[in-house]
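If you count by our numbering, then the sequence shown holds residues 29 to 330, one letter each, in order.
Beta carbons are placed, not taken as given, at the ideal position from N, Cα and C, and that holds for glycine.
A short worksheet on the structure shown next.
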Amino acid sequence: MWMDRCMGFFDHVLAEPNQASEAFVTMWILILWSSYATQVGRGEQCLQAFSKVNCTWSNAEDYVDTLSEPIQGMVRPRGDKTAGQHLLTTEYVSWLYRLRGIIMAAKPDVSADELADTLPSIEDMIWMANAGLPSSWVHTGFAGANLFVAACEACEKLGLHELALEYAEHATTTTDLTKGGCILPSEHFRAHCCKGRCLASLGKADEAEAALEAALACVESLPGYTLQRVLALGALKVHVLDKDGRGAEGSARLKAAIHQMLGESPAAEQLAELAPALGGAIDLATVLAAPPLHAGQVGDAI
C-alpha cells in the first residue's frame, strides 16, 4: 500500500544522523502527506507519522519551533515581524499540523469548544500564511497547504458547521493572493466539498447540492483529477441524492466516474484502495452494479 511505502521513507528520514539537514524535508512531509491522506481516507495511518515525532495538538507549537530552528532563513520564528525574507511562519505550520491532527484522527482529543475558542481568525491566518511577503507563497503554489481549507475541514470534523462555512467561503471565493487567496482548483475543490457537506448537515439540501456541483465543476475538465471527480460525486450521492429519492442518479454518476478513473473492470485491489476515500456510506459493489442513467436523467444530472 502506498501509505506503507510513505511511512518507510519517513522512517528513513528520521534515521538520518543529522536531523538538522532533514528539517525542511520533515516539515513538508507532514504538510503534504497529511493533506493527501485525509482526502483518501488514510488519516489514521498518516497520524502515525505525527506520533513518531510527537507532534500533537498540545505541543505542536513547541515541536515546530524546534523543527524550524535549523531553517530560520526560510521559516520565520514565532512572534518575528520581519517582512520580505521568509517563505513560511512557525505559526502557519503549527496551526496546519494541529488542524490536520483533528481531521486525521478517528476520535480527536480536542473538543469543539476548544477549537472554536482558539482557532485563529481569517485575518490572523492571512498574516500567518503571507509570512511577511506581499502574498502567500504556500497558498499560491502548493496544493494541500491551504490553511483555510484545513480550518473548515477540522471545524466540520468536530461538528462546527457554521464556523466551517466561514472558512470555506473564504477559501472558495478569495482569489486575491494578498489576502491568503489562491487559484488552485484542488483547494477550491476541497473547500466546496466541505461547504456542501456542512450545508447538508444543516439541512440546506439545495445549497449543499449547489456547493458539491461547484466542487465537481472545479475539476471536471482537468486531466489528472479523476479521483476528485469520484470524491465529489460520492459526497453528492451520500449527502444529497440518496436523501431526496435520486439515489439511482447518484449511483449511476458515481459509477461512470469510477470507470473513467479505473477502467471498465476495476481490480479488487483498486476498489479496496478507493473504498476508504469514499467512506462507509457507499457500497461500491452496489454502485458498480447500478444501471446507467436514461437520457432524460443524464440531462437532469448535468
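- Buried is the label assigned to Ser63, since at least 16 other Cβ atoms lie within 10 Å of its Cβ.
- For the segment 234 to 291, there is no continuous beta strand (DSSP E) assignment of 3+ residues that stays within its boundaries.
- The residues Pro213, in chain order, have a CB closer than 7 angstroms to that of Leu250 in the same chain once the five nearest residues on each side in sequence are set aside.
- Between the segment 32 to 52 and the segment 85 to 103, the count of C-beta pairs closer than 8 angstroms reaches three or more; the two stretches touch.
- The Cβ atoms of Ala318 and Lys271 lie no closer than 8 angstroms to each other.
- Closest in C-alpha terms to Gln113, from the list Gly172, Leu259, Asp137 and Gly160, comes Gly160.
- For Arg225, the enclosing alpha helix (DSSP H) begins and ends at Pro213 to Ser229.
- A direct Cα-Cα distance of roughly 31 angstroms separates Ser139 from Leu115.
- Across the structure, Asp32 and Gln47 are spaced so that their CA atoms are roughly 22 angstroms apart.
- DSSP places Arg33 within a helical segment (H, G or I) once states are collapsed to three.
- Secondary structure in the segment 138 to 212: the alpha helix (DSSP H) runs of 4 residues or longer, each lying completely within the stretch, are 140 to 146, 150 to 158, 165 to 169, 175 to 185 and 189 to 201 in chain order.
- Per the DSSP secondary-structure output, Thr54 pairs with nothing in a beta bridge.
- Distance between His198 and Asp108, taken at the CA atoms: about 26 angstroms.
- Exposure of Lys135 is indicated by the presence of fewer than 16 other C-beta atoms within 10 angstroms of its C-beta.
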